[in-house]
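Residue numbers (my numbering): 2 to 106.
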Amino acid sequence: TVITAAGNTATATVQPVGNVGGPVQVHIGVDVVSGSSPSWAPVVQFSNDGTTWLAASADETIPAITTTGVTVWRVAQSRGTFVRVSWPLPGGTTPSFTASIAIWS
């Protein structure tokens with residue numbers, strides 16, 4: 002996926018552990034970065050209905066991505082039934098990121 006604008010991934014279902022939300026892992030692989038001072042700030046969002054998304058808390062914010070490589074984010078207990086990765090418009094001058102995003106629960 003080429004990231005040049007705000008967006009989000011498809012929704013994934015969180016697998017419960019007992020009667021609480023289970024663990025979630027997000028892997029982001031960035032193969033290509035271009036532009037001047039590019040910065041991409043994805044966040045993990047949870048929802049109980051797949052429509053209304055909770056604002057990311059501090060531990061759900063993925064550190065800004067500015068170069069190629071792999072970023073792994075984990076949480077032991079989700080805050081909802083559904084999860085996705087969302088992001089605002091990337092920062093910098095004509096920023097572009099070619100990335101693969103995988104969500105596991």
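Backbone N, C-alpha and C fix where the C-beta goes; we use that ideal spot for every residue, glycine too.
- Query: By DSSP, does A59 sit in helix, in strand, or in coil?
  - Reply: Reduced to three states, the DSSP call for A59 is helix.
- Message: Taking only three categories from DSSP, how would you classify W54?
- Response: Three-state result, W54: coil.
- Candidates A57, I104, S79 and Q16: closest to P89 by CA position: Taking only the C-alpha atoms, the option nearest P89 is A57.
- Message: If I follow the unbroken beta strand (DSSP E) through T69, where does it start and stop?
- Response: For T69, there is no enclosing beta strand (DSSP E), as DSSP marks it with neither H nor E.
- Item | Residues that P17 bridges to, as DSSP identifies them | Partner(s): G22.
- Query: Helix, strand or coil: which one does DSSP assign to G8?
  - Reply: If DSSP states are grouped into helix, strand and coil, G8 belongs with the strands.
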